[in-house]
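Number of protein chains: 2
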Amino acid sequence: MTRITRGGLAEEVVAHVRDQILRGELRPGQKIDQEQIAEDLDVSRSPIREGLVVLGKEGLLEITPRRGAFVAEISRADVVDHYELFGLIAGRVAAMAATTFTDEQRAELQHIHVLFTEASDDEAARLNHEFHQLINGAAPRRTRWLIRHLERSIPAGFFERTPGWKSEAVADHQTIVDAIVDQDADAARQAMELHLHEAGVAASNALEASGFWEESE
Amino acid sequence: MTRITRGGLAEEVVAHVRDQILRGELRPGQKIDQEQIAEDLDVSRSPIREGLVVLGKEGLLEITPRRGAFVAEISRADVVDHYELFGLIAGRVAAMAATTFTDEQRAELQHIHVLFTEASDDEAARLNHEFHQLINGAAPRRTRWLIRHLERSIPAGFFERTPGWKSEAVADHQTIVDAIVDQDADAARQAMELHLHEAGVAASNALEASGFWEESE
DNA sequence: GGCTTGCATATTGTATACAAAATGACTGTG
DNA sequence: CACAGTCATTTTGTATACAATATGCAAGCC
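These protein sequences, in sequence, are chains A and B.
Quick note on numbering: the first sequence equals residues 951 to 1167 in the working numbering.
Quick note on numbering: the second sequence equals residues 951 to 1167 in the working numbering.
Set out below in structure tokens:
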């Protein structure tokens, strides 16, 4: 049994189950069958259980002692709320960036943004990530930690798959860049909050399209 | 081997290790010895590993694949930042409460606050919890989830052990109650942010006192 | 002397085995 | 026919066993 386990099998389990949930193959409320996953991935239950704990902490699963793990009942309101919170944090960070960024950082931000506007669709995803990464660098450590946590709960690479995301993102990013370059903290906050709000709508639509909220049979 | 484990041994492990960290028995950067915990609690490594995953997701441990789990290097800045974030969220929720609460809820809030001011020290902790619980009821589901997450990362019952916490809390709570009763969303937000900021300072001091940041020998 | 190399040991990660509890069907009873 | 109680089956939770990797130390080399 050769395997390329780069970070442990639990990670593989996390990715597998998360995908199944986000694809709509596992429906909200449905029970997670550990034995089934063991069969699918050819793995024992030890790493599976550790993976399920992770997904539980991310809010994708509801784990009840002695009963098992169930797909969390996530509503449209939950997704919107999630991104609203994300926006609240990210907005605060953008405001920090507006007041603390050096000239070099401002230039770098503009540079990334220009590349982003001109990039092909698959490069755009990477540059989008770099863009937000740079801004988030202005945040203190614990804030960055929380942002990572929020990113993983409703994974990235989600927004990037909705039609027309790029042109929308370019416009939003432009506003954000302008505000940070102007050192206008409040405008940066507002622009970032709006951007994340729109990302939330997009994510919500993407989940809708994947049949996430379809009635069962 | 009789045990009263009502929620699984992993929970016991989480509580045990968390306590050890917060008491300063385990220092930041120090390695977690699974075998040692197994001996301490008379438990096998299976529930231990699951517990460590939980603490990793809470940010109290740093888990490196194939290397093990280490106590996270949490600085004063991290603690302050943590409560600042907490305040950002809780402030938003307080603002919601100010605009959405019914007359009954406002009355209930005032009632709890009066009891709180008159309570003995050990009852105060419970009423403090009820107070915040009631306000957080105004938040949407995902926000409540995030709040629970933040509460667990730097566990509650922490602030409540710093000297003079009650009188400080009474004053803060009074301001919050007034703002919510006045339906002044912005005042409620500010008051709540200030309250959490002070809680952060208190928590930071408590950690200091427990020797959390002491230099090792 | 300082640095690599190789091996013994310790520790993590995974698999399997076993114990305890929940689930669900079946039976008998009102 | 509804329904409570019992028992077989399934599934979770925990313990143990084994495999793979990391760690630490000692010997050899520059």
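Quick reminder that beta carbons are idealized off the backbone N, C-alpha and C, glycines included.
Here the structure is a predicted model, which is why all the values come from computation and not from measurement.
Neighbour-count burial assignment, residue i, 16 or more Cβ in a 10 Å radius
i                : result
E915 of chain A  : The shown model of chain A, from 951 to 1167, leaves out residue 915 of chain A, and the question about it has no answer.
H1063 of chain B : buried
H1061 of chain B : exposed
T952 of chain A  : Note that T952 of chain A scores 38 on pLDDT, short of 50, meaning its location in the model is unreliable; the coordinates nonetheless yield the value given after this. Exposed: under 16 other Cβ atoms inside 10 Å.
T1014 of chain A : exposed
E1110 of chain A : buried
P1113 of chain A : exposed
R1092 of chain B : buried
A1119 of chain B : buried
A1019 of chain A : buried
R1139 of chain A : buried
Where the alpha helix (DSSP H) through residue i begins and ends
i                : result
A1129 of chain A : W1115 to V1131
G1018 of chain A : From DSSP, G1018 of chain A is part of no alpha helix (DSSP H) but of the beta strand (DSSP E) over G1018 to V1021.
I1097 of chain A : R1091 to S1103
T1052 of chain B : Counting along the chain, T1052 of chain B falls outside any alpha helix (DSSP H), and DSSP gives it neither H nor E.
E1000 of chain A : R995 to E1008
E961 of chain B  : L959 to R973
E1182 of chain A : The question about residue 1182 of chain A has no answer, for chain A in this structure spans 951 to 1167.
A1152 of chain B : A1135 to A1159
L1077 of chain B : D1071 to N1086
L991 of chain A  : Q984 to L991
Sequence-distant residues of the same chain with beta carbon closer than 7 angstroms to residue i, five excluded per side
i                : result
M1142 of chain A : G1037, A1040, G1041, A1044 and I1126
S1154 of chain B : R1026, V1029 and V1030
F1162 of chain A : G974
K981 of chain A  : G1018 and F1020
F1108 of chain B : A1153 and A1156
R1056 of chain A : I1130 and V1131
Cβ-based neighbour list, residue i, same chain, cut-off 8 angstroms, excluding 5 preceding and 5 following
i                : result
V964 of chain A  : G1001, V1004 and L1005
S1160 of chain A : L972, R973 and G974
E1165 of chain A : none
G979 of chain A  : F1020, V1021 and E1023
Residues near residue i in its chain [Cβ-Cβ closer than 6 angstroms; skip 5 each side]
i                : result
L959 of chain B  : V993 and P997
E1167 of chain B : For E1167 of chain B, the pLDDT reaches just 41, beneath the cut-off of 50, and the residue's location in the model is therefore unreliable, although a value from the coordinates is still provided. None.
A1069 of chain B : L1077
A1137 of chain B : A1129
Problem set entry | Touching by the beta-carbon criterion (3+ pairs, under 8 angstroms), the segment 1125-1140 of chain B and the segment 1021-1030 of chain B | The answer is no - the segment 1021-1030 of chain B does not touch the segment 1125-1140 of chain B, with fewer than three Cβ pairs under 8 angstroms.
Exercise. If you pair each beta-carbon of the segment 1040-1059 of chain B with each one of the segment 1074-1090 of chain B, do three or more pairs fall below 8 angstroms?
Worked result: Contact holds: three or more Cβ-Cβ distances are below 8 angstroms.
Exercise. Are the segment 1132-1152 of chain A and the segment 1028-1042 of chain A touching by the rule of at least three beta carbon pairs closer than 8 angstroms?
Worked result: yes
Exercise. Is the number of C-beta pairs between the segment 1007-1014 of chain B and the segment 1098-1111 of chain B that are closer than 8 angstroms three or more?
Worked result: yes
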